[in-house]
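**Q** Got a structure for you, questions after.
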Amino acid sequence: MGQQSQVSRDESLTVRDNRTGKTVTIPIVDNAIPATAFKVLKASRKPGEREENETDKGLRVQDKGFLNTAVMNSTITYIDGEAGGAFPQLSFAHFILRAYTTPVPVYSASLPYQHFETEVLRHGILHSDAQGFFRSFRYDAHPMSMLTSAFAMLGSYYSTANPSLQGQRLYTRGNEEACAIMDRQIYRIIGKATALAAMAYRIRQGRDFVTRPNGLSYTGSFMYQMDHIGEEDYVPNPVLEKALDTLFLIHADHELNASCTTVLQTGSSLVDPYSAIAAGCASLYGPLHGGANEAVIRMLISIGSPENVPAFIEAVKRREKTLSGFGHRVYKTSDPRSFIVRKTADEVFKVTGKDELLETAMALHDAAMKDEYFIKRKLAPNVDFWR
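Number 183 in this note's numbering belongs to position 184 of the sequence shown; there are no gaps in the numbering.
Given below as structure tokens:
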């Protein structure tokens, strides 16, 4: 009659397929069930039913948009959407890598941080051909378009890192040699990421490219490559460097967001790491992900000045305008990162001074937070509003 399983009734889900009367008991682990467990629920195809349904091969689970699907377990981060808290237990890239690679016995899990930092900074230099690559873009090309292309380009320089050229088990052998090869690509990707981003920025500014100097931090080197225009003994402003470092840290890990999922899925084909990161950048490009902060800037520019905020608010309520930077798919209260960015912004503007765009943002924030329309809908500012 029904399929029985050696599973505790208290920690399981029993499902009955009314098409066939078949019953299956599925274990519940960490408040989740495996989607593949439903494949045993097979039925005969009805007359006229689409062959593509593959009804006789088992029931499928449909979840458009990953609205209620967990694709992996994490031991280092948790978002409580109702409480508005993100809890990354480990912040630095090095420790994130250690956490994600444990308990898998990989080489990178045992590397001391000092070695990790040295290797990342050592791999921050780009091949001279990269200059020609960036100069091939239009002067007004979008930075994310350039960065996405640049990561894909970077992979073409390291044939030894490409499973398509070296064999599909290049990274999956699990021995020390395979893990050391992966470590080297991690150093390169993290080390060169800021150099690529700085080059994309300077193309837009019409400036020559700058090689990072020795002696600066990872974030300080990035600022140097973006801002240095020939000044003698130029050193990045420490307040601005700390602010950018803070932004790097709070964005280092945030559960399985769109770009992280994209990298995971792309990497599952055993493509080279650079192509996987390029795919992640493409996902980050979108206005519903990393591009949201750009949408905020465009919105603030369109508002123009603080006195125009009330009219904009009313237009949003009439659904004539879009309010960017408020609300979050997971957080049902304020995005906790927004408070950190807001505080950091205050410190930055003590150095740079305020401008009308900031005044408009503050007026919009205050108006929206007091309006019953936004309060009822739990539309609080997220990290993109202040970033």
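Just so it is clear, CB atoms sit at the ideal spot from N, CA and C, and this is done for glycine as well.
Please read all numbers here as calculations on a predicted model, not as lab measurements.
(1) Kindly provide the ranges of any alpha helix (DSSP H) runs that are 4 or more residues long and lie completely inside the region 41-72, ordered along the chain.
(2) Quick one, are the C-beta atoms of Ser222 and Pro305 less than 9 angstroms apart?
(3) Please confirm if the region 220-240 is in contact with the region 30-38, defined as three or more CB-CB distances below 8 angstroms between the two stretches.
(4) Please report the residue range of the alpha helix (DSSP H) in which Arg206 lies.
(5) Who are the Cβ neighbours of Asn236 in its own chain at under 7 angstroms, not counting the five residues just before and after it?
(6) Under the assumption that Ile32 contacts Leu58 (Cβ atoms under 8 angstroms), give the Cβ distance between them as a whole number of angstroms.
(7) Taking C-alpha atoms, which residue in Thr68, Phe65, Thr218 and Gly352 lies nearest to Phe247?
(8) How do the region 315-322 and the region 182-197 stand: do at least 3 beta-carbon pairs fall below 8 angstroms, yes or no?
(9) From which residue to which residue does the alpha helix (DSSP H) around Arg15 run?
(10) Check whether the region 168-187 and the region 285-294 are in contact - that is, three or more C-beta pairs closer than 8 angstroms.
(11) Can you name, in chain order, every residue of its own chain whose Cβ lies under 7 angstroms from the Cβ of Glu355, other than the five neighbours on each side?
(12) Give the DSSP-derived three-state secondary structure of Pro272 in the structure shown.
(13) Taking all protein chains shown into account, do 16 or more other C-beta atoms lie within 10 angstroms of the C-beta of Pro212, making it buried, or fewer, making it exposed?
(14) Is Ala251 helix, strand or coil when you go by DSSP?
(15) Look up Ala379 in the DSSP assignment and say whether it is helix, strand or coil.
**A** To lay it out plainly:
(1) Listed in chain order, nothing qualifies, since the region 41-72 has no complete alpha helix (DSSP H) run of 4 or more residues.
(2) The count along the sequence shown starts at 1 and reaches residue 222 at position 223. The count along the sequence shown starts at 1 and reaches residue 305 at position 306. The displayed chain sequence assigns Met, not Ser, to residue 222. Contact: no.
(3) The region 220-240 makes no contact with the region 30-38; the number of CB pairs closer than 8 angstroms stays below 3.
(4) The residue you call residue 206 lines up with position 207 of the sequence shown. Careful: Arg206 lies outside any alpha helix (DSSP H) and carries neither H nor E.
(5) Translated into positions along the sequence shown, residue 236 becomes position 237. Excluding residues within five positions, the ones whose Cβ falls inside 7 angstroms are Val350.
(6) Numbered from 1 along the sequence shown, position 33 holds the residue referred to as residue 32. Numbered from 1 along the sequence shown, position 59 holds the residue referred to as residue 58. With 8 angstroms as the limit, Ile32 and Leu58 do not qualify as a contact, their Cβ atoms being about 13 angstroms apart.
(7) By 1-based counting over the sequence shown, the position of residue 247 is 248. Residue nearest to Phe247 within the set Thr68, Phe65, Thr218 and Gly352 is Thr218 (criterion: CA-CA distance).
(8) Contact between the region 315-322 and the region 182-197 is absent, with fewer than three C-beta pairs closer than 8 angstroms.
(9) Here residue 15 refers to the residue found at position 16 when the sequence shown is read from its first residue. Taken as a continuous stretch (DSSP letters only), Arg15 belongs to no alpha helix (DSSP H), being part of the beta strand (DSSP E) at Ser11 to Asp16.
(10) At 8 angstroms Cβ cutoff, the stretches do not touch.
(11) Residue 355 sits at position 356 when you count from the first residue of the sequence shown. Once the five neighbours on either side are set aside, the close Cβ partners of Glu355 are Ser304.
(12) The residue labelled residue 272 in the question sits at position 273 within the sequence shown. Looking at Pro272 - three-state DSSP - the assignment turns out to be helix.
(13) Here residue 212 refers to the residue found at position 213 of the sequence shown. With fewer than 16 Cβ atoms within 10 Å of its Cβ, Pro212 is classed as exposed.
(14) Stepping through the sequence shown from its first residue, residue 251 is reached at position 252. DSSP, reduced to helix, strand and coil, places Ala251 outside both helices and strands of the structure shown, so it counts as coil.
(15) Taking the sequence shown and counting its residues from 1, the one referred to as residue 379 is at position 380. The answer is coil: DSSP assigns Ala379 none of H, G, I, E or B.
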